[in-house]
Amino acid sequence: MARTKTSGSKPQTQSAPVLDALVVEYNQRKVAIRRVADYPAILIAIKRSVRALAQVATEDIVIKCNTLPELEGEYVDISEDAWPDLVFRSYLKKVVVEVDTPVPKPVSLAPSNARAHRSNLQEARISLPSFSVTLSSFSGEEFYVSVRADTSIRTLRKFLARKCHGCEERYNISYDGSRTHDHETMGHLGIEEGDRIDWMYELVGGKPVIYLSPPESGPSIDATVELSLSASWSLSALYPINPDSTRVNSSYGQHTIWTVRAGPDGVLYDKATEAEVSYLYWEATTNPPHPISPPASPRSTPTLAEFDPSRAQLSARDSVLLPVDKVPAYLDRALTALTLHTEARTSFITYWLPSLLKHEYVALRFVPQLEYDQAARLIVTPEPDVVTRVFMVFRGVDEKEMFEWAPAIGRSGENVAFWGDVVGIDANVALNPSLFRVLEWGGMEVFTR
32 MARTKTSGSK
42 PQTQSAPVLD
52 ALVVEYNQRK
62 VAIRRVADYP
72 AILIAIKRSV
82 RALAQVATED
92 IVIKCNTLPE
102 LEGEYVDISE
112 DAWPDLVFRS
122 YLKKVVVEVD
132 TPVPKPVSLA
142 PSNARAHRSN
152 LQEARISLPS
162 FSVTLSSFSG
172 EEFYVSVRAD
182 TSIRTLRKFL
192 ARKCHGCEER
202 YNISYDGSRT
212 HDHETMGHLG
222 IEEGDRIDWM
232 YELVGGKPVI
242 YLSPPESGPS
252 IDATVELSLS
262 ASWSLSALYP
272 INPDSTRVNS
282 SYGQHTIWTV
292 RAGPDGVLYD
302 KATEAEVSYL
312 YWEATTNPPH
322 PISPPASPRS
332 TPTLAEFDPS
342 RAQLSARDSV
352 LLPVDKVPAY
362 LDRALTALTL
372 HTEARTSFIT
382 YWLPSLLKHE
392 YVALRFVPQL
402 EYDQAARLIV
412 TPEPDVVTRV
422 FMVFRGVDEK
432 EMFEWAPAIG
442 RSGENVAFWG
452 DVVGIDANVA
462 LNPSLFRVLE
472 WGGMEVFTR
């Protein structure tokens, strides 16, 4: 006999449905992420989950859907205001992400010599048509500009300096694989409508200096110090300067050697110049980066990572971020943990302080020594007991970017001793005065638009 429901039965309660993860699609790739009502947080989650979006500005990411009941099948942008109301709707199973990169109208660039010979050239200039070219950086940033045959390379450099807020002299412009010069014009170089002109901002490996410290109780040591740079950068300054060194186009090449006598007090006598110095100094500027190509065949063992100065970067995953007024004290603690002595710490901080103070917030990291060695090989003969090389990379961070740097902000509160593990330093050996020790420090500011 079938059971009948009596009036005394307890009503059954229904639990709220559990929504599936949200599927995000970008360029035909799909990834499932957790639903989050906070719009900035969901953008961060999308960038973390989709590698192709990692370097895209957050404000350029657009979220769309085509499942709104009243507009089903039609893609609609989801605004920040509407997101909290829609994210937990059962009909929002998938969203599509696009990058909002509208093509700007070409910027018109007047010739840099507009004032010269104006009366003689006025008639000729009227007949010179304008045309559009693309200024393309090696990092992928592009500007569309309108030029004429008499627009000079100097004019393009001035434009980039205004647009990107950098130092005009450090913008390198090349066309068809060759570096250009200020006086050359579009017509002289054969540049035509639609052509691409490559540019890069020259980064500087600032004041790497090398200290040699023989055992305190021992005799002086006659040593040679040989420095060889990778193709990513070239020597721009040296001290002491070997008389045999030749400077061509602001470069000393990628190799130099010093022959010195190092005293127990750390004073170096340079035999080529007969100068007494506290350290050996070098500086380098970056060259246009080469295209990144995959290995010819799969490798069975992992390859050693290499620091590429021409592509130097840092992120929330490997850095700390601090207000600029906290940076000097943080650096003093970190450099102490990295075994820099008092003079080295003071020189390091005071050298970089003017550059740091240009920013409200600063992100910084120290490069692992094994990676740095691939970019700047240092050979000291006789071989030291220990070589310590400390190289910092930093950049300014705008306040509007802060939420993207949350991990770096949190890391800034950790004990600075972790940098010793990152760089790869044995403090007990590096600080042992009975050993022949070599210490080098340097750094580089990474510029972003």
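Going by our numbering, the first residue of the sequence shown is number 32, and it counts up by one from there. We put the CB at the ideal spot given by N, CA and C, even for glycine. Computed from a predicted structure; not experimentally measured.
With 16 other CB atoms within 10 Å as the buried threshold, where does residue i fall?
| i | result |
| --- | --- |
| A315 | buried |
| T373 | exposed |
| L345 | buried |
| R149 | Annotation note: pLDDT 44 at R149 (below 50); position unreliable, coordinate value reported separately. So R149 ends up on the exposed side. |
| I410 | exposed |
| Y122 | exposed |
| L388 | exposed |
| P464 | exposed |
| S110 | exposed |
| S143 | Any reading at S143 is ruled out, since the residue's pLDDT is 46, under 50, leaving its predicted position unreliable. |
| N318 | buried |
| Q400 | buried |
| D339 | buried |
| A83 | exposed |
| E233 | buried |
| S350 | buried |
| E476 | buried |
| V279 | exposed |
| A407 | buried |
Locate the beta strand (DSSP E) running through residue i, then write down its first and last residues.
| i | result |
| --- | --- |
| T211 | No beta strand (DSSP E) contains T211, which DSSP labels as neither H nor E. |
| D91 | Careful: D91 lies outside any beta strand (DSSP E) and carries neither H nor E. |
| R420 | V417 to V428 |
| L9 | Because the chain is modelled from 32 through 480, residue 9 falls outside the range shown and cannot be assessed. |
| F434 | That residue, F434, is in no beta strand (DSSP E); it is neither H nor E in DSSP. |
| L299 | L299 to D301 |
| F174 | E173 to V178 |
Which residues does DSSP list as the beta-bridge partners of residue i?
| i | result |
| --- | --- |
| I241 | L311 and E471 |
| C96 | V107 |
| E129 | V93 |
| A407 | L260 |
| A254 | V291 |
| P354 | Y392 |
| K61 | E56 |
| I228 | L166 |
| S265 | T316 |
Residue i and residue j: beta carbons closer than 7 Å?
| i | j | result |
| --- | --- | --- |
| T165 | M217 | no |
| G455 | P239 | no |
| V127 | K78 | no |
| A483 | W450 | Because the chain here runs from 32 to 480, residue 483 falls outside it and cannot be looked at. |
| V417 | R468 | yes |
| I252 | A293 | yes |
| A394 | A448 | no |
| H390 | G444 | no |
| D229 | S167 | yes |
| E247 | P295 | yes |
| R179 | S161 | yes |
| L99 | V107 | yes |
| R66 | L74 | no |
| S478 | G197 | Note on residue identity: the sequence assigns Phe, not Ser, to residue 478. Yes, they are a contact pair. |
| E199 | R188 | yes |
| F434 | P71 | yes |
| S341 | S281 | no |
For residue i, which residues from the same chain have a beta carbon less than 6 Å from its beta carbon, with the 5 sequence-adjacent residues on both sides left out?
| i | result |
| --- | --- |
| L470 | Y242 and T419 |
| Q285 | L260 and S265 |
| G237 | G474 |
| T304 | P271 |
Near residue i, what residues of its chain come up, given a Cβ to Cβ distance below 7 Å and the 5 sequence neighbours on each side ignored?
| i | result |
| --- | --- |
| T211 | I184, I204, S205 and L220 |
| A458 | T370 and G451 |
| T35 | Because T35 sits at a pLDDT of 39, beneath the cut-off of 50, its placement in the model cannot be relied upon, and the following sentence gives the value as read from the coordinates. Excluding positions up to five away in sequence, the list is empty. |
| M231 | S168, F169, N203 and P319 |
| K194 | F174 |
| S276 | L269, Y283 and T287 |
| V355 | L387, L388, H390, E391, Y392 and V393 |
Alpha helix (DSSP H) containing residue i: first to last residue?
| i | result |
| --- | --- |
| A461 | A458 to A461 |
| I288 | Not the alpha helix (DSSP H): I288 falls in the beta strand (DSSP E), residues H286 to A293. |
| K189 | I184 to C195 |
| K78 | Y70 to S80 |
| R376 | T373 to L387 |
For residue i, collect the residues of the same chain with a Cβ closer than 8 Å to its Cβ; drop the 5 residues on either side in sequence, then sort them by chain order.
| i | result |
| --- | --- |
| L384 | P359 |
| A461 | T370, V417, T419, R468 and L470 |
| S80 | V55, V62 and I64 |
| E307 | V298, L299, Y300 and D301 |
| Y403 | F338, R420 and F422 |
Measuring from the CB of residue i, is there a heavy atom of the ligand GDP at a distance below 6 Å?
| i | result |
| --- | --- |
| L266 | Absence of the ligand GDP from the depicted structure is noted, as is the absence of any ligand whatsoever, leaving it without description. |
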